[in-house]
Amino acid sequence: MLALSFSLCRKELAVGQVSITVNGAEHILELEPRELLVYVLRERLGLTGTNVGCDTSSCGACTVLLDGESVKSCTLLGVQVDGHEITTIEGLATNGTMHPVQEAFHEQHGLQCGYCTPGFIMAAVSLLDETPNPSEEEIRHALEGNLCRCTGYQNIVRAVQAAAGVEV
Amino acid sequence: MSEATVPKLELGRVGESLPRVDGIPKVTGEFAYSSDLQAAGMLWGHTVRSPHAHARVGTIDISAAVGMPGVHAVLTHEDIPGEKRYGLEFQDQPVLAYERVRYFGEPVALVAAEHPEQARRAAERIRVEYEPLEPLVDPERATEAEPLHPDRPTMGHGYRDDPRPNIVRSLVIRQGDPAAEGDVAVSGVYEIGIQDQAFLGPESGLAVPDGEGGVDVYVATQWLHVDRDQVAPCLNLKPEQVRIHLAGVGGAFGGREDLSMQIHGALLALHTNRPVKIVYNREESFVGHIHRHPAKIWAEHRASRDGRLVNVRVRILLDGGAYASSSTAVTSNAASFAVGPYAVDNALIESTCVYTNNPPCGAMRGFGAVQVCFAHEAQMDKLAEALDIDPIELRLLNALGPGGSLPTGQTITGTLPVADVIRRAAALDVPEAEELPRDPMRLPGGSGNTTRGEGVRRGVGFAVGFKNIGYSEGFDDYTAARVQLHADGSATVHCAAAEVGQGVANVILQVARTELGVRDVALAPHTTATVDSAGSASASRMTWMVSGAVRDACRAALEEWDKKGRSLEVDVERIYRHPRTTPLDPETGQVTGERAHVAYACAAMRVVAEVDVELGLTRVVWIGTAQDVGHAVNPQAVQGQIEGGTAQGLGLALMEEIQTRDGLITNASFTDYLIPTTLDMPPVVSELIEEAEPDAPYGVKGVGEPPTVVSTPAVVAALRAATGRELSRVPVRPDDIVGL
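Going line by line, the protein sequences match chains A and B. Going by this note's numbering, the letters in the first sequence line up with residues 69 to 236, in that order. Going by this note's numbering, the letters in the second sequence line up with residues 786 to 1525, in that order.
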């Protein structure tokens, strides 16, 4: 589990100043304690690649990396990530070259409407970081918290396998 | 607003698995969904909805909301400048409720404010006087109840005149001798719960006033021009003063065929003279769109001793909910396909859709064919058992094909390889049963760690089904495409076909590249502003229709270009129509011309499931299917449609149902309405049967719906084989499996 600071939730601090590094750039933000991280990313920083699908932490469309580990950004308050590093889908490519997981989702037809795709990609990046050669079963278990309504998941699993270097 | 066109192509003609042209923006997060849109000075809209399924509406007091911080507009039905009712096919639905609310979540008032939270808080201060009325929630009692729509909006449109109250449509198909007896008869009563499209991107859009009295609406939708034609009269504007532009769509599956925020956003934008954005949350999405019709189906099949169907009698009751939406067409589809893809000389089919105070129902993938396929396939298995004939043999014996006819009297003139899909699906290798004991993760119940496998039984199920491609019964169904050839040799294609994730953008470009023989083809934004209608992204019609329109426009453009000496710019628009259909006879349900449906596609599916018969838990182990797809424009995309469509049918079989109590939805969230995850859905082995459809451009067919039609009955057949229980209702609940 991630140890996070709740120090800013004290009642007298209606608005707190936080420092969040997002995709390598530091942002100093004045946040209300109630603001969810996903809305901080989307509304304050304009990073709309992270989508909102359910509001109940069920669908995973809002998955981002917190210090390299996948987390649903609707389950965190903005103030909780003070001093931490966030990576969103916009921060995965390096110097214009897509991350291998992004390449694989595109090439393996791992998406249709694409609304769930950034969340799946971030969850897959986190999985492959911890488990570079996952079995199909490990992939399915790791992505169980992300919902897709279009693909039936087959090409999503295939994309993660391809990104891991498995012949598909 | 983004004027971006899709990236230029390197390859990709008809028949090639070209990666999605919107794939890169979608994997990098750059793709703009309707929920991502922003405009300078933008306000946020919010919809006040009815907490009652049925109530009289008295005074609506907005005074406390009007002066609240950040609030720019509070609107009720009194502020609608034009028509107060709209509807996809019949104008029976209030833009904002007046006099009565007829379903839970019906829109009553609108607020626009600087911040979405301000809009929500102002909405809470609006006082609506409701006098609750007894909700009509039992569709079997609907024709005995007080009429919900005394003006009978769906009557007088050429349907059978049924005088009973609350009838949306009733249709009777009589063929041959409806009293014909066989040697064996089996019967059953089947029920289908309310399924939700559950697309991942909730409804959203942005309405922008144009400063000249008109409005631009950027929205996730399925049918741009018919949105426009519904929006404009309510605003008292000419159609050209309302421009609908497709914004990024997070899935649709029929749920975006009806309007959501379009009129509401436009009203607020014109009232405030500011851009207004409306985004539903998931809870609001569940009440903000129509669902798949729940159904009850009574069926009796009579057959000869040697297994030939002699007479099929089916009664279908569909609950349309509070408003008509596309229910009349669903009623007809359910009737047309009630027998399944089988030949029978005698049939009596009654299909009725009623108004109730339940959630409104309309289009969802499979559109009437899903409900009846669940019933006819259960009946075929019962018949096989009664006759002691192998269920696959029984299906082959009765398989419909070209030259055969439907109970409507329509002869199958195109391709319909029913026997072929049955044979090919039946020939797929089913995996060996996994041994016990095994890792509990690979048992029904999975990580719940509920069993060591003592009560686990395995079953194999089979189903076949079919559905129409394109719009039916005389609807003037067309698609326009406009092609511009530029001086530098490149081309631009305009087409208002909604890319909802199904991949129609690839179809447009692949056809254009095939016809023009150039690589450099750009797709212009999908909009009502620059091109005529493409029709709806529904009925598995878009691939066929767009292929025809883009092909014709490209050929006309090349001809023009030749005439002009191959130097000047060319800009032509062409309209494509599929073969004409005619209505069914209102009294007999028989065709009145050559065809009531344009064409058909079929699929067969085999499913292996394991069931813990003590705990009622299930695990679908393997799915194999063969599908009649016509000539596949993009085989990879076709397979993707089959896999995704199968998952939605599996969801209906095992877990998906909107629950209601007195008409109120009680599970409007993804924690309570479950859809399949990576662990529920096994990989699908799919075989494409590519027979060229003679009436279609390039021999294509639609592919999106057949997998959803067959997977529900195939999964439940596997559960029946494992449990020996009748399982006549979907979704199948653990209680049904255990027998509680």
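Positions of the beta carbon are idealized from the N, C-alpha and C atoms, including for glycine.
CB-CB length for P1216(B) against W1407(B), believed under 8 Å: Contact flag correct, Cβ pair sits at about 5 Å.
Within-8 Å CB hit, I88(A) to chain B: Against chain B, the CB of I88(A) has no partner CB under 8 Å away; the residue lies outside that interface.
Buried versus exposed call for K1062(B) [16 or more other C-beta atoms within 10 Å across all chains shown]: K1062(B) should be labelled buried.
Min CB distance N91(A) to chain B below 8 Å: So no, N91(A) is outside the interface.
Bounding residues of the beta strand (DSSP E) (the contiguous stretch that carries V1004(B)): Its beta strand (DSSP E) spans residues 1000 to 1004.
Within 8 Å, strictly: CB atoms of V1027(B) and A1051(B): In this structure, A1051(B) lies closer than 8 Å to V1027(B) by Cβ.
Reference R1227(B), options L1464(B), D1130(B), L881(B), V806(B), closest by Cα: If we check each option's Cα against that of R1227(B), L1464(B) comes out closest.
First and last residue of the uninterrupted alpha helix (DSSP H) at W1008(B): Run containing W1008(B): none; DSSP gives neither H nor E here.
Within 8 Å, strictly: CB atoms of R910(B) and R1298(B): For R910(B) and R1298(B), no; Cβs fall outside 8 Å.
Same chain, Cβ closer than 8 Å to V1289(B), neighbours up to 5 away in sequence not counted: A1282, A1283, A1322, M1327, T1328, V1331, listed in sequence order.
Which listed residue (E1345(B), D1347(B), G1246(B)) has its alpha carbon closest to that of V1495(B): The residue from E1345(B), D1347(B), G1246(B) with its alpha-carbon nearest to that of V1495(B) is G1246(B).
Beta carbon of V816(B) nearer than 8 Å to that of G990(B): Here residue 816(B) turns out to be Phe, not Val, going by the sequence shown. For F816(B) and G990(B), no; Cβs fall outside 8 Å.
Buried versus exposed call for V1303(B) [16 or more other C-beta atoms within 10 Å across all chains shown]: V1303(B) is exposed by the Cβ-count criterion.
Amino acids of chain A, ordered along the chain, whose beta-carbon sits closer than 9 Å to that of I1075(B): What I1075(B) touches in chain A: nothing, since even the nearest Cβ is about 16 Å away.
Residue burial classification, P1558(B) (beta-carbon count within 10 angstroms, cutoff 16): Absent from the structure is residue 1558(B), since the part of chain B shown begins at 786 and ends at 1525.
Bridge partners - K1167(B), DSSP secondary structure assignment: Residue pairing for K1167(B): DSSP places it in no beta bridge.
Within 8 Å of chain B by C-beta, residues of the region 147 to 159 of chain A in sequence order: Those residues of the region 147 to 159 of chain A placed with their C-beta closer than 8 Å to a C-beta in chain B are T156, I157, E158, ordered along the chain.
Contacts that F1455(B) makes with chain A (C-beta to C-beta distance below 8 Å): Under the 8 Å cutoff, chain A gives G121, C122, T124, S126, C127, L215.
Under 7 Å from the C-beta of V1285(B): neighbouring residues of chain A: In chain order: C181.
Closest residue to Q1047(B) among N1143(B), L1213(B), L873(B) (Cα-Cα distance): Comparing Cα-Cα distances from Q1047(B) to each of N1143(B), L1213(B), L873(B), the minimum goes to L873(B).
Beta-ladder partner(s) of K1252(B), from DSSP: Beta-bridge pairing links K1252(B) to A1386(B).
Under 8 Å between C-beta atoms of V1203(B) and A1184(B): Yes; because the gap between Cβ atoms is below 8 Å, this pair is in contact.
Touching by the beta-carbon criterion (3+ pairs, under 8 Å), the region 1367 to 1382 of chain B and the region 1477 to 1496 of chain B: Taking 8 Å as the limit for Cβ pairs, the verdict is that the region 1477 to 1496 of chain B does not touch the region 1367 to 1382 of chain B.
D1214(B) versus R1359(B): straight-line alpha-carbon distance, rounded: Straight-line Cα distance between these residues: approximately 47 Å.
Residues bridged to Q982(B) (per DSSP): DSSP, once it has assigned bridges, lists no residue as partnering Q982(B).
Nearest-angstrom Cα separation, counted from P1229(B) out to P1368(B): Their backbone Cα atoms lie some 48 Å apart in a straight line.
Through-space distance from M940(B) to L195(A), alpha-carbon basis: The alpha-carbon atoms of L195(A) and M940(B) are separated by roughly 58 Å.
Chain B contacts from the region 188 to 211 of chain A (Cβ-Cβ distance under 9 Å): Among the residues of the region 188 to 211 of chain A, those with a Cβ less than 9 Å away from any Cβ of chain B are I189, E204, E205, I207, R208, H209, A210, L211, in the order of the chain.
Cβ-based contacts, 7 Å cut-off: residues of the region 1459 to 1485 of chain B near chain A: Residues I1460, T1462, T1463, L1464, M1466, P1468, V1469.
Residues near A1272(B) in its chain [Cβ-Cβ closer than 8 Å; skip 5 each side]: Residues of the same chain with a CB within less than 8 Å of the CB of A1272(B), apart from the 5 flanking positions on each side, are S1352, L1353, E1354 in chain order.
Cβ contact check for the region 1444 to 1462 of chain B and the region 123 to 139 of chain A: 3 or more pairs under 8 Å: Segments in contact, yes.
Per-residue burial, L105(A) [other beta carbons within 10 Å of its own, 16 or more giving buried]: With 16 or more Cβ atoms within 10 Å of its Cβ, L105(A) is classed as buried.
Close beta carbons around S206(A), own chain, < 8 Å, minus the five adjacent residues each side: One detail in the question is off: residue 206(A) reads as Glu in this sequence, not Ser. Around E206(A): L195, T199.
Per-residue DSSP class, three states only, for I1460(B): Looking at I1460(B) - three-state DSSP - the assignment turns out to be coil, as it is neither helix nor strand.
Residues of its chain near E171(A), where Cβ-Cβ distance is below 8 Å and the 5 sequence neighbours each way are ignored: Only A231 meet the Cβ criterion.
Among P1467(B), S1471(B), R1362(B), the one whose alpha carbon lies nearest that of D1413(B): For D1413(B), the nearest C-alpha among the options comes from S1471(B).
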